[in-house]
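A short worksheet on the structure shown next.
Protein chains in written order, with this note's numbering: chain A, 240 to 355; chain B, 107 to 221.
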């Protein structure tokens, strides 16, 4: 069974500092991996996704993530945090062994706060 | 701007009421989903429709009744809910078939409060 572990339920950074949100996955087959962001009282918005093309994936709002098979990781980074980045971030995995239906498995989420 | 539209954005209902949540998408997606999200938790899958047929029911209580009238619409009918059912209800859609990567497109959610 596939699973996702997000290390750190809460990460706090200063404005302008590096953002690093950690995600490790477990899957019996090569997975598809996603990072979603959720602002307060809103739905989930896709930041970026890995679908077995380039291992370094660039997303919206200056975020990127690197798929490392040897480490089973898909950490999310942004060089310089902005106040508007404060939100909940979810890592999710979807493996390729399913049929026509995919069930995304979400991590527990990491709340990012950005201090001025 | 989201291409999955949910109505209403907020709903308050008593335990004896009957209400419905509605979801609409016009991206040509043939899979639609209902998720329930409690505060500070990840979304939990409730139902999946594929080609307008219910394909996954995650052992959801019968007081929640989904309906997919056509490929663009998804409803969630609510009856005799409990206060613990108060949550954000998220609708999502996705492709099916060879091009499917599992990526979900979410609506903004309907915030439900059960009194």
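We put the CB at the ideal spot given by N, CA and C, even for glycine.
Remember, predicted model here, so these are calculated numbers, not experimental data.
CB of residue i within 8 Å of CB of residue j, strictly
i: residue 217 of chain B; j: residue 194 of chain B; result: yes
i: residue 112 of chain B; j: residue 199 of chain B; result: no
i: residue 272 of chain A; j: residue 288 of chain A; result: yes
i: residue 313 of chain A; j: residue 275 of chain A; result: no
i: residue 344 of chain A; j: residue 241 of chain A; result: yes
i: residue 209 of chain B; j: residue 260 of chain A; result: no
i: residue 323 of chain A; j: residue 255 of chain A; result: no
i: residue 222 of chain A; j: residue 264 of chain A; result: No information on residue 222 of chain A is available, as it lies outside the stretch 240 to 355 that chain A covers here.
i: residue 148 of chain B; j: residue 346 of chain A; result: yes
i: residue 138 of chain B; j: residue 129 of chain B; result: yes
i: residue 294 of chain A; j: residue 305 of chain A; result: yes
Close beta carbons around residue i, own chain, < 7 Å, minus the five adjacent residues each side
i: residue 136 of chain B; result: 156, 157, 177, 202
i: residue 325 of chain A; result: 351, 352, 353
i: residue 173 of chain B; result: 181, 183
i: residue 206 of chain B; result: 200
i: residue 114 of chain B; result: 216
i: residue 167 of chain B; result: none
Bridge partners - residue i, DSSP secondary structure assignment
i: residue 143 of chain B; result: B:194
i: residue 162 of chain B; result: B:154
i: residue 125 of chain B; result: B:184
i: residue 207 of chain B; result: In the DSSP output, where bridge partners are listed per residue, residue 207 of chain B has none listed.
i: residue 314 of chain A; result: A:305
i: residue 300 of chain A; result: None; residue 300 of chain A has no bridge partner.
i: residue 201 of chain B; result: The partner list for residue 201 of chain B (beta bridge, DSSP) is empty, contrary to what the question assumes.
i: residue 111 of chain B; result: B:130
i: residue 322 of chain A; result: Note: residue 322 of chain A sits in no beta bridge, so no partner.
i: residue 135 of chain B; result: BP columns for residue 135 of chain B are empty, so no partner.
i: residue 290 of chain A; result: According to DSSP, which records beta bridges pairwise, residue 290 of chain A is partnered with nothing at all.
Terminal residues of the beta strand (DSSP E) in which residue i lies
i: residue 245 of chain A; result: 242 to 246
i: residue 252 of chain A; result: 249 to 253
i: residue 280 of chain A; result: Per DSSP, residue 280 of chain A belongs to no beta strand (DSSP E) and is neither H nor E.
i: residue 173 of chain B; result: 170 to 176
i: residue 261 of chain A; result: 258 to 265
i: residue 268 of chain A; result: Per DSSP, residue 268 of chain A belongs to no beta strand (DSSP E) and is neither H nor E.
i: residue 217 of chain B; result: 216 to 220
i: residue 294 of chain A; result: From DSSP, residue 294 of chain A is part of no beta strand (DSSP E); its letter is neither H nor E.
i: residue 117 of chain B; result: 116 to 119
i: residue 351 of chain A; result: 349 to 354
Other residues of its chain near residue i: CB distance less than 8 Å, five sequence neighbours each side excluded
i: residue 189 of chain B; result: 121, 220, 221
i: residue 159 of chain B; result: 174
i: residue 317 of chain A; result: 257, 258, 300, 301, 302, 303, 324
i: residue 211 of chain B; result: 108, 109, 110, 131, 133, 135, 198, 199, 200
i: residue 143 of chain B; result: 149, 150, 193, 194, 195, 196, 215
Spatial neighbours of residue i in its chain, beta-carbon cut-off 6 Å, leaving aside the 5 residues before and after
i: residue 153 of chain B; result: 140, 163, 172
i: residue 355 of chain A; result: 254
i: residue 251 of chain A; result: 352
i: residue 124 of chain B; result: 185
i: residue 348 of chain A; result: 327, 329
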